[in-house]
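Numbering (the UniProt record's numbering), first residue to last: 1 to 85.
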């Protein structure tokens with residue numbers, strides 16, 4: 001499955017760290033949802049939002065210099081009223 005920037009796919013959280021969550025996508029490839037891309041609100045603890053085994057919708061933001069997938073959950077939800085862009 002070719003994953004391009006802007007693609008929206010469903011995946012399963014396979015590992016949670018202090019800096020984000022790794023999500024396995026269809027085809028077995030994994031990507032990172034950085035802590036800053038989980039929610040519009042401040043996320044102090046990733047585990048307050050995501051746990052291993054959770055099924056989530058993610059948007060592919062692109063790939064980093066090493067070819068790893070950069071994912072976002074936040075980009076799929078509307079920003080709260082008055083939130084900075």
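For every residue, glycine included, the Cβ atom is placed at its ideal position computed from N, Cα and C.
Remember, it's a predicted structure, so these values are computed and weren't measured experimentally.
Strictly by DSSP, which residues pair up with residue 3? Paired residue(s): none; residue 3 is not in a bridge.
Using beta-carbon positions only, say whether residue 76 and residue 57 come within less than 8 Å of one another. yes
Here's a check: name, in chain order, each residue in its chain whose Cβ is nearer than 7 Å to the Cβ of residue 47, leaving out the five neighbours to either side. 16
Rounded to whole angstroms, what's the CA-CA distance from residue 11 to residue 65? Just pull it up for me. 22 Å
May I ask you to list the residues that DSSP assigns as paired with residue 17? 20
Along the chain, where does the beta strand (DSSP E) containing residue 72 start, and where does it finish? 69-72
Can you grab the Cα-Cα spacing for the pair residue 78 / residue 6, in whole Å? 16 Å
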